[in-house]
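Reviewing the structure listed below.
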Ligand code: XLS
Ligand code: CA
Ligand code: CA
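Numbering (my numbering), first residue to last: 4 to 440.
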C-alpha cells in the first residue's frame, strides 16, 4: 500500500532546478567542515505534526485528511501512520523520527491497555525498520494533553498524577530504547503555574527533579546510554513555565545534580518566545557543554505564540548552524517540530514543507561553513579581547591579581581608553557578503 504514489523519491538537483520535488541545496554527500551533510544534519520527522496534525485550530476543524484510509483512534490507523511515515521518510532520505507515546497509539482508559498497544505498535515499527537505516532520534511522554495533567506532571499537586506521569515516562523510555533512540525529552509544557496564590514553587521544582532522577535511574538500568534533554519554553500553555530558557534550565539541572545526564533540546520558536534569538539559546547551551539536539522550526515575530513553522529564514539558519559547527556538531539531531500552515492541507504540501526545511538548514550549514572558513568574524572576536592576552589582562585571566592590585594599576593609569569599536555594521556586512557572493 502506497500513500504517496504520485510523489517521486526526492533527490538533490541543485539550485538551478525548478522541480518542486527536488532538493536545491541539500546534497547529502556534500562535505561541509569535514563531514558530508547527511552526517552533519541528522534530520528527524516529528510523528505528531506530520502524521497527526490535521489543521485544527481554536477557530476551526481539520483541513487535512490524516486518516490514511482508516478510522482514527484505532490500531489499524496507528499502523497506517507507521506505513505512511516510513514511506515519507524513505522518499526524503530522513533517517530519524521523534514521538510522544500517544502519537503512536490511541490512549486507552486503562494504562495497562495503552502499554499493550505501545508494545504491539513498537513491534510493528521494529519490523518496518528492518532493512532501512531509519531509527528513533528521541521519544517522550505526552504529560500535558490529558486533563489529569492540568496542573503539570512532576509538578502536579496530586501524588497520584505524579505516579501516572512516572508510569508514562517508564514506558516511553522502554519504547525509546527498543527503537534505538539517541535521546529522551522532557518538555515541561504544564510544568509551571498560573498564579502564586495557589502554588508552592520550590516544592514543585523539587518534585520535577525527583521525577527526572527516577527517569535517569530507570533509563540507565535498562541500558539507555543516550542523553536526556530538557526542552525549554517560557510560556504556552502555562503562563509561567519553569524551563523558561536554556540558562534557567541549565541552572535547574545543576541545582538538582542532573547536569551529567541531561542536555538541552533547543527549539527556535521557544527561544524567540523567551525574548532571545535562536542562536542565543544555542550558544548558552554550547558554552555549558549542554547543546544536545534541536527542534527545527521558526516562529512569527508578529505573533506571540508557538507557530511551529517550517524554517525558511536563511539568515537564522546560518547563524544557528554557525553555533552548531562551532560546538562540534550535535549528539542529537534536527527534529522538524514544524507543521504546514492550515491551508496547505495536501500530501504534496507535506513534502514541500520538508524540502523547504531541509534545504534551508543545508543552505544555512553551507553558509555557516563559509563564514567560518572566511575567518573575518572569528578573527574580529579574537582580536576584540586581545587586551587579556598580555600584561594586566593576562594576569586577570590567570587569577594572579587581587582587587587591591587592580585598584593600584587603575590609579597609575588614570582613565582607560575607549574599548574599541564593536563594528557591528561591518560584521553584518561580512555576513551579507558571505551569504550573497
Ligand atoms: C511544544 C513542544 C513539544 C515538544 C515535545 O511546544 O515543542 O512538541 O517538542 O513534547
Ligand atoms: Ca518542540
Ligand atoms: Ca513548539
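We put the beta carbon where it would ideally sit given N, CA and C, even for glycine.
Being a predicted model, the structure only gives us computed values, none of them experimental.
Next on the checklist: Mapping the DSSP letters down to three states, classify residue 34 as helix, strand or coil.
Outcome noted: strand
Item to check | Which listed residue (288, 211, 150, 137) has its alpha carbon closest to that of residue 169 | outcome: 211
Next on the checklist: Any residue with its C-beta under 5 Å from a non-hydrogen atom of ligand 2 counts. Can you list them all in chain order?
Outcome noted: 270, 298, 340
Next on the checklist: Taking 8 Å as the threshold (C-beta atoms), are residue 326 and residue 285 in contact?
Outcome noted: yes
Item to check | C-alpha distance - residue 359 paired with residue 315, whole-angstrom precision | outcome: 7 Å
Next on the checklist: Looking at the secondary structure, which residues open and close the alpha helix (DSSP H) in which residue 412 lies?
Outcome noted: 406 to 416
Item to check | residue 47 burial status per 10 Å Cβ neighbour count (16 or more: buried) | outcome: buried
Checklist entry - Any chance the CB of residue 234 is under 7 Å from a heavy atom of ligand 4? => result Ligand 4 is absent from the structure shown, which contains only ligand 1, ligand 2 and ligand 3.
Checklist entry - Looking only at C-alpha atoms, which of 85, 9, 95, 398 sits nearest to residue 29? => result 95
Checklist entry - What are the boundary residues of the alpha helix (DSSP H) that includes residue 164? => result 162 to 181
Checklist entry - Would you call residue 141 buried or exposed, if buried means 16 or more other Cβ atoms sit within 10 Å of its Cβ? => result buried
Next on the checklist: Please determine whether the Cβ atom of residue 268 lies at a distance below 7 Å from any heavy atom of ligand 3.
Outcome noted: no
Item to check | Sheet register partners of residue 47 (DSSP bridge) | outcome: 99, 338
Checklist entry - Pick from 86, 76, 67: whose alpha carbon is nearest that of residue 5? => result 86
Checklist entry - Is DSSP giving residue 259 helix, strand or coil here? => result coil
Checklist entry - Where does residue 308 land, buried or exposed, given buried means 16+ other C-beta within 10 angstroms? => result exposed
Item to check | Cross-strand partners of residue 195 (DSSP beta bridge) | outcome: 244
Item to check | Residue(s) in a DSSP beta bridge with residue 138 | outcome: 99
Checklist entry - When DSSP builds the beta bridges, which residues end up paired with residue 113? => result According to DSSP, which records beta bridges pairwise, residue 113 is partnered with nothing at all.
Checklist entry - Is residue 12 helix, strand or coil when you go by DSSP? => result coil
Next on the checklist: Buried or exposed for residue 337, going by 16 or more other Cβ atoms inside 10 Å?
Outcome noted: buried
Item to check | Short Cβ contact (8 Å threshold) for residue 128 with residue 354 | outcome: no
Next on the checklist: Please return the same chain residues whose Cβ sits closer than 6 Å to the Cβ of residue 78, not counting the five positions on each side in sequence.
Outcome noted: none
Next on the checklist: Need the endpoints of the beta strand (DSSP E) that residue 432 sits in, please.
Outcome noted: Premise fails: residue 432 lies in the alpha helix (DSSP H), 427 to 439, not in any beta strand (DSSP E).
Next on the checklist: Just to confirm the assignment, what range does the beta strand (DSSP E) spanning residue 266 have?
Outcome noted: 265 to 270
Checklist entry - Can residue 273 be considered in contact with ligand 3, in the sense that its beta carbon sits closer than 7 Å to one or more heavy atoms? => result yes
Next on the checklist: On the CB-based measure, 16 or more other CB atoms within 10 Å of its CB, does residue 130 come out buried or exposed?
Outcome noted: exposed
Checklist entry - Regarding residue 309 and ligand 3, is the C-beta to nearest heavy atom distance less than 7 Å? => result yes
Checklist entry - Taking residue 267 as the reference, which of 69, 124, 188, 364 has the closest Cα? => result 188
Checklist entry - Tell me which same chain residues have a C-beta within less than 7 Å of the C-beta of residue 58, skipping the five on either side of it? => result 65, 66, 67, 345, 348
Checklist entry - Would the beta-carbon of residue 40 fall within 8 Å of that of residue 365? => result yes
Next on the checklist: Buried or exposed for residue 99, going by 16 or more other Cβ atoms inside 10 Å?
Outcome noted: buried
Item to check | Per DSSP, cross-strand counterpart(s) of residue 143 | outcome: 103
Next on the checklist: Could you compute how far the alpha carbon of residue 181 sits from the alpha carbon of residue 125?
Outcome noted: 8 Å
Next on the checklist: ligand 1 and residue 50: does the residue's C-beta get closer than 7 Å to at least one heavy atom of that ligand?
Outcome noted: no
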